[in-house]
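Residue numbers (this note's numbering), protein chains in the order written: chain A, 1 to 339; chain B, 1001 to 1339. Note that CB positions come from ideal geometry on N, CA and C, so glycine has one too. These figures come from a predicted structure and were not determined experimentally. Scroll down for the structure; my scribbles are underneath it.
Protein chains: 2
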Amino acid sequence: MKKATLKTISDESGFSITTVSRALAGYADVNERTRQLIIDIADRLGYQPNLTARHLRSKHTNTLGMVIPLTAYYSDQFFMTLLSGVGQQAARFGYDLLLSAQMRGEEEISAYRRMVDGSRVDGMVLARVRQRDARLDYLKGSARPYVVFGHADEDDYPYIDVDGKTGIRQMVHHFAAYGHRRIALIAAPDDLAFAPLRLAGYWAALDDLGLPRDPRLVVTGDLSADSGAAAVTQLLGQPDPPTAILACNDQMALGAMAAITARGLRVGDDVAVAGFDDIPAAANASPPLTTIRQPIFEIGQSLAQTLIGLIRGEAVHDLHVLLDPELVIRASSGKPRAG
Amino acid sequence: MKKATLKTISDESGFSITTVSRALAGYADVNERTRQLIIDIADRLGYQPNLTARHLRSKHTNTLGMVIPLTAYYSDQFFMTLLSGVGQQAARFGYDLLLSAQMRGEEEISAYRRMVDGSRVDGMVLARVRQRDARLDYLKGSARPYVVFGHADEDDYPYIDVDGKTGIRQMVHHFAAYGHRRIALIAAPDDLAFAPLRLAGYWAALDDLGLPRDPRLVVTGDLSADSGAAAVTQLLGQPDPPTAILACNDQMALGAMAAITARGLRVGDDVAVAGFDDIPAAANASPPLTTIRQPIFEIGQSLAQTLIGLIRGEAVHDLHVLLDPELVIRASSGKPRAG
DNA sequence: TTGTAGGCGTTATCAT
DNA sequence: ATGATAACGCCTACAA
């Protein structure tokens, strides 16, 4: 049995395709008996509209698009959590999610082009925005709505972000309050939009505290756990090593903790550690990881909701949301130190 | 500037839509000068084919579909990890992923219908198959290829699964080898396909060992951490409580560990615990969780690869893959006991 | 080598 | 209340 279309029902019922279409769509100008007849036939045939055809005609797809890094896998709970939030809220509004995993570069942009110019989605979610971001330039030039997780100082596209500068600044103060004076930063790659903001928060805190700006205490990682471990090797290998290490994301912090433990030192005791994000693994780490919380799941929900508002042409306020950071103090940052 | 279509390029170049289409598609029967001209114009206009139209015409979408539980969020690393594997491998073959988060029931089936009968995807991935699974019945009746994570004993659809019966059986033997004789099972909901298999493994192990089948040692949970904790309350509240608890998934095992700790007992010492899955959180738990590993990410990759093979009509062997279970012994199952 | 014509399945416009 | 017709953008016989 072939798939039923409007034509099948039209033939079966004797009514025109037009009438069948309108009966099924619930238009008022259809005789009730006619409608019932048509609905019965449709049910009997298991009719399901061809959504591709509908999308072609109607110009919208009830689908949100997202391109995620080809490397963002179970190692990267950040993206998975975000995805969950976006997908959950999208579903609530009747939207599906079209995902494409791509490596950074040419392929990535063409994935955007396929989704947007290819008319496969009604809007895009862009996460982990970069400085001078080609994806963003593309989206700005397109007519489709989009929302962004992250921002740079002067940006004016629709975004949600956590105030990372303030967050880092507060965490450095937390370390200082515990008696630390040699506080290191494992920074994020320069090209990420949040990298300079978080670095600025670090410098600002040192200034607040009257601590010297020591460039040897700043090591840049690539957000992976391995790079966090490598940073620890470098930091603790130098004379006058730091007693506290603040990583710009939790993955690196967890890697740092592992490296510290491997050196025979105790996290929270010999060296204090903190991260940024509060991914699920942070609370489960041992010792549990002190971190700056980003409500990633909720941000995902918010992004989806805002995006759908934009798609529907509703008046969306709060196009620029900057959330206050929330410090989550756990055991990895230790206890106040003597002296 | 409106979006460029074949017609735009046709008007611009003076050639017919047909010729433009063929030039861009790389057909041989197009004059090279003509092709160059057309390609230049297409580039200049930033032409991107409307994929919706192409899909309508060509009947395939280069997209895999997956419906995930609306509740499967960051709390459920199982689905996120699986999704990662599927998405990563799909991308490698040029496929995207269409996701729909749905609650179980009517909505769930209609999400399948929209994807499959609605011609939005070329094939489906079904995870966590159930007994007498309506989704599976639907897929069997459809003409689309699909692959399944999980199986029941007599099933003959394309699947990949880990041999849970053997896995549970071996883990019970592991507990017994450590000196336990009161070994409890936190079972999975009956309607999941793997539930009776794992339960059978438990009974089989008891028989192997000459231990009595005590129904009070089997409590059924709903796969959530909370239900694992509740099971512990019930198990440890009875006279002659178990000294070892085996949960049918890691989430429940982690919940069980938390409940044991909350009672003032030490996991691995007073009560041994093990789980099933080896989700990322298992290794990070404290103490680290002994478990039966499912290579979820790799299974996701395999599922995608098999599915794409089926879609392309290639001869796919190994349509029924049953992986050997791998016991991952960590600290939560404790040490051999005296006596 | 290029063009004409038809159709994929749907929805919208305009008559009747 | 119903139907004929066109159009969305693309692909592909078939003709020229």
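Under the 8 Å criterion on CB atoms, Q131 (chain A) is classed as non-interfacial with respect to chain B. Close CB contacts of G1164 (chain B) within its chain, under the 6 Å cut and outside five residues either way in sequence, are with F1194, L1197, R1198 (chain order). With respect to chain B, the C-beta atom of R312 (chain A) has no partner C-beta closer than 8 Å.
Excluding the 5 residues flanking it on each side, A274 (chain A) has same chain C-beta neighbours closer than 8 Å at M171, H174, F175, A244, I245, L246, A247, A253, L289, T290, T291, I292, S332, S333, in chain order. Under the three-state reduction of DSSP, G167 (chain A) is assigned to helix. With at least 16 other beta carbons inside 10 angstroms of its own, A101 (chain A) counts as buried.
Between the segment 113-126 of chain A and the segment 304-319 of chain A there are three or more C-beta pairs closer than 8 Å, enough to call the two in contact. In the three-state scheme derived from DSSP, where H, G and I count as helix and E and B as strand, Q1048 (chain B) is classed as coil. Bounds of the beta strand (DSSP E) holding E1326 (chain B) are 1326-1328. In the structure shown, A304 (chain A) falls within a helical segment according to DSSP collapsed to helix, strand and coil. Per DSSP, the beta bridge partners of Q102 (chain A) are A:P69.
With respect to the C-alpha of P1069 (chain B), the residue from A:L139, A:Q88, A:G65, A:L64 having the closest C-alpha is A:Q88.
K1003 (chain B) reaches chain A at D117, counting residues in chain order whose Cβ is nearer than 7 Å.
Taken through DSSP and simplified to helix, strand or coil, L82 (chain A) comes out as helix. Take the alpha-carbon of A230 (chain A) and the one of V218 (chain A): they are about 13 Å apart. For the options A:S58, A:T18, A:Y146, A:N50, the alpha carbon positioned closest to that of Y112 (chain A) is the one of A:Y146. Against P1049 (chain B), the close residues of chain A are G118, in the order they occur along the chain (beta-carbon pairs closer than 8 Å). Judged by beta-carbon spacing, D1250 (chain B) lies within the 8 Å limit of D1277 (chain B), meaning their Cβ atoms are closer than that value. In the structure shown, the three-state DSSP call for Y138 (chain A) is helix. With its beta carbon at least 8 Å from every one in chain A, N1249 (chain B) lies outside the interface. Against chain A, the beta carbon of L1056 (chain B) has neighbours under 7 Å at T52, A53, L56, listed in chain order. Residue A:A188 holds the alpha-carbon nearest to the alpha-carbon of Q131 (chain A) among A:D207, A:P287, A:A188. Among the residues of the segment 85-98 of chain A, those with a Cβ less than 8 Å away from any Cβ of chain B are G85, G87, Q88, A90, A91, D96, L97, L98, in the order of the chain.
Using beta-carbon distances, S1021 (chain B) does not count as an interface residue toward chain A, since no partner is under 8 Å.
A Cβ-Cβ contact shorter than 8 Å links V162 (chain A) with L323 (chain A). Comparing alpha carbon positions, the residue from B:P1215, B:N1050, B:E1107 closest to H60 (chain A) is B:N1050. Within chain A, the residues A91 have their CB atoms less than 7 Å from the CB of Q1102 (chain B), given in chain order. DSSP places Y159 (chain A) inside the beta strand (DSSP E), whose first and last residues are 159-162. By the rule that beta-carbons nearer than 8 Å mark a contact, P1280 (chain B) touches chain A. Of all residues in the segment 1257-1290 of chain B, those with a C-beta nearer than 7 Å to a C-beta of chain A are P1280, A1281, N1284, A1285, S1286, reading in chain order. By the criterion of a C-beta distance shorter than 7 Å, Q77 (chain A) is surrounded in its chain by I279, P280, A281, once the five residues flanking it on both sides are discounted. Taking a contact to require three or more Cβ pairs closer than 8 Å, the segment 30-37 of chain A and the segment 4-22 of chain A qualify as touching.
For R1114 (chain B), the nearest beta carbon of chain A is closer than 8 Å to its own beta carbon.
M80 (chain A) belongs to the set of residues whose beta carbon lies under 8 Å from a beta carbon in chain B. Taking the beta carbon of L1070 (chain B) as reference, the chain A residues within 8 Å of it are Q88, A91, listed in sequence order. Cβ-Cβ distances below 7 Å link T8 (chain A) to L45 in the same chain, with the five nearest sequence neighbours on each side left out; the list follows chain order.
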